[in-house]
Amino acid sequence: MRYMLMLYADEKAGAQIPPDQMQKAMETLYAYQEALTKAGAFVMTAPLARTHEARTLIMEGGDASYREDGKGGATFVNDTGELKVHDGPYAETREQFGGFYIIEAADMDEALAWAKKCPAAQWGPVEVRALIPGF
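So, in structure tokens, the structure goes:
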């Protein structure tokens, strides 16, 4: 089963880290990725751009309704609302979602064991969620 390890950290605090210390932190993440790879658990990873670069689409107004499409399927539709673009992330929090790992693990316990070994857990929360197969 695949799991996503979502890494959170305080961007403002991270921006204050001297380059040599940041390099050391990155080296611990590279070593973690290597351990995942050797164990056959690594699928992918990526950092995210800073939150000031994020944009969030929000449907404003109108009512969403669930409609059948006549072909055996259905969808949610909002014919009267307007999609608006907002600067920044959807959630304004103390820690920001800054990157992720997708790993293979037998179950949540194994995924949590890998999350506990993630260096990023030392400086911010790591949220673990199963990915739903078939999408």
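Using my numbering, the first residue of the sequence shown is number 3, and each one after it goes up by one. Glycine is no exception: its CB is placed at the ideal position from the N, C-alpha and C atoms. Bear in mind that the values here come from a model prediction, so they are computed numbers and not experimental data.
Which of helix, strand or coil DSSP assigns to A41: Shown here, A41 sits in coil according to DSSP, grouped into three states, outside any helix or strand.
Cβ-Cβ distance between K86 and I60 below 9 angstroms: yes
Whole-Å CB distance - L9 paired with A122, under 8 angstroms assumed: 4 angstroms
Segment contact, 8 angstroms Cβ cut-off, at least three pairs: the stretch 97-111 with the stretch 11-25: yes
Beta-carbon contacts of F78 that lie in its chain and below 6 angstroms, excluding the five residues immediately before and after: A66 and Y68
Enclosing alpha helix (DSSP H) for G16 [first to last residue]: E13 to A17
Nonlocal neighbours in the same chain, by C-beta distance under 8 angstroms from A37, ignoring five residues either side: K119
Whole beta strand (DSSP E) elements within the stretch 13-97, 3-residue minimum: 44-49, 57-62, 67-70, 76-79 and 84-89
DSSP state of L114 mapped onto helix, strand, coil: L114 falls in the helix class under three-state DSSP.
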